[in-house]
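Visitor:
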Amino acid sequence: NRALRRVDAATAALRDDIDRREAVEVQLRQRESELVGFAGIVAHDLRSPLARITGYADFLREEAAPRLEPLHRDFLERLYGGAQRMQSLIDDLLDYATADNQDLVTAQVDLNRMVAEVVRDRVSGHGAQQPRIVVWPLPTVDGDATLLRQVVDNLIGNALKYTPEGEDPSIEITSRREEAGGWRVEVADRGIGIPPDQLDTIFDAFIRAGGSEGYHGTGLGLAIVHRIIERHGGLVGVDSNPGGGSRFWFSLPAHARLVAGTGATERIV
Ligand code: ADP
318 NRALRRVDAA
328 TAALRDDIDR
338 REAVEVQLRQ
348 RESELVGFAG
358 IVAHDLRSPL
368 ARITGYADFL
378 REEAAPRLEP
388 LHRDFLERLY
398 GGAQRMQSLI
408 DDLLDYATAD
418 NQDLVTAQVD
428 LNRMVAEVVR
438 DRVSGHGAQQ
448 PRIVVWPLPT
458 VDGDATLLRQ
468 VVDNLIGNAL
478 KYTPEGEDPS
488 IEITSRREEA
498 GGWRVEVADR
508 GIGIPPDQLD
518 TIFDAFIRAG
528 GSEGYHGTGL
538 GLAIVHRIIE
548 RHGGLVGVDS
558 NPGGGSRFWF
568 SLPAHARLVA
578 GTGATERIV
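Note that UniProt numbering gives residue 554 to position 237 of the sequence shown, counting from 1, and the numbers run on in steps of one.
(1) Following a CB-centred definition, is D514 positioned closer than 6 Å to any heavy atom of the ligand ADP?
(2) Helix, strand or coil for L421? Go by DSSP, reduced to three states.
(3) Is the shortest distance between the beta-carbon of L352 and the beta-carbons of chain C less than 7 Å?
(4) Where do the N-terminal and C-terminal ends of the beta strand (DSSP E) with N558 fall, by residue?
(5) Assuming F567 and A540 form a contact by the criterion Cβ under 8 Å, report the distance between their Cβ atoms to the nearest whole angstrom.
(6) Looking only at DSSP bridge pairs, what is L569 linked to?
(7) My output table needs one value for Y373: the three-state DSSP class, helix, strand or coil.
(8) For the ligand ADP, I want to know if S563 counts as a neighbour, meaning its beta carbon is within less than 6 Å of at least one of the ligand's heavy atoms.
(9) Quick one, which of V542, E380, P454 has its alpha-carbon nearest S492's?
(10) What does the alpha-carbon distance come out to for the pair Q344 and E380?
(11) Let me confirm a value: Q446 is counted as buried when at least 16 other C-beta atoms fall within 10 Å, else exposed. Which label applies?
(12) Going by beta-carbon coordinates alone, are V422 and D461 separated by less than 7 Å?
(13) Looking at the ligand SAM, does it come within less than 6 Å of Y397, judged from the CB to the closest heavy atom?
(14) Compute the minimum distance between the beta carbon of Y413 and the heavy atoms of the ligand ADP, and state whether it is under 6 Å.
(15) Mapping the DSSP letters down to three states, classify T463 as helix, strand or coil.
(16) Exposed or buried, T535, counting other C-beta atoms within 10 Å across all chains shown (16 or more means buried)?
(17) Less than 6 Å between the CB of D506 and some heavy atom of the ligand ADP, yes or no?
(18) Report the residue from F565, R544, V553 whose alpha carbon sits nearest the alpha carbon of D417.
(19) Tell me the rounded alpha-carbon separation between E482 and L464.
(20) Going by DSSP in three states, I488 sits in which element: helix, strand or coil?
(21) By the three-class DSSP mapping on this structure, what secondary structure does P456 have?
(22) Could you give the distance in angstroms between the alpha-carbon of S405 and the alpha-carbon of G560?
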């Protein structure tokens, strides 16, 4: 009997410990949300003064640059470049805040259509070398269309960005049913890849992997992807080899159905 009581006491202590940890986690999550919300407000307020800087700098580049000394023209380009980088940071911070705290507006989302649109936009903005993007049939899922579009756009954008210029940009997007009934969507590229010891932190905010120094970025894109998928009840992950490309994936829980065909057997883009 005493043994049983001891087990009971140990179980109760363990339960208390778990409750305490959960409470701390909830608090941390709340704190993080507050910080992200605050960053969103600051980013929003920085938008108009920054638009003014970019606007005037751009005007000077167009109108006054021919009359400027080379050194001053160089300063102007740096000013404009810096303002543009700040602009992407502000945009990403706003997207992160939205991904974190805006209510989800759920509807049926046809990922085939969504991916086709994102690919079209991305390819038209791409340089001379047309990327080869292969898309296999994707499911229709329940989710927030605006946010899921951002997931798809960030993953495809990264796949294109981290494929060095001059190399064959080749991307493949596939989906498959998971054992638990949900869907997994994968975006695979043949780009620079990610060092194995950095795979664990790559979805954290502001973290950039070794090898990405030459590419513009804020380190927020994957954190946005992570948060959006987390809010849909799904998971994210990546398999990658430096030099051998990356395969990013996200999963969405069940109540999704495949519209085109019954499996990844038919190429649609
Ligand atoms: P950003 O691209 O703005 O730096 P992200 O959060 O989208 O930020 O990505 C974080 C980091 O993950 C990148 O800096 C890069 O090191 C790495 N990464 C993301 N996508 C890829 C990819 N497709 N191939 C190689 N590295 C990638």
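Positions of the beta carbon are idealized from the N, C-alpha and C atoms, including for glycine. As the structure is a computational prediction, the values presented were derived from the model and not from experiment.
Guide: Well, looking at it:
(1) Outside the cutoff, so no.
(2) coil
(3) This model lacks chain C altogether, as it is built from one protein chain only.
(4) 552-558
(5) Wrong, their Cβ atoms sit about 13 Å apart, outside the cutoff.
(6) W500
(7) helix
(8) yes
(9) Scanning V542, E380, P454 for the CA closest to the CA of S492 turns up P454.
(10) Straight-line spacing of the CA atoms in Q344 and E380 works out to 53 Å.
(11) Classification of Q446: exposed, given that the 10 Å Cβ count is below 16.
(12) Yes, the pair counts as a contact, with Cβ atoms nearer than the cut-off.
(13) By its list of ligands, the structure shown excludes the ligand SAM, since it contains just the ligand ADP.
(14) no
(15) helix
(16) Counting Cβ neighbours within 10 Å, T535 comes out buried, since at least 16 surround it.
(17) yes
(18) Looking from the CA of D417, the closest CA among F565, R544, V553 belongs to R544.
(19) 29 Å
(20) strand
(21) strand
(22) 27 Å
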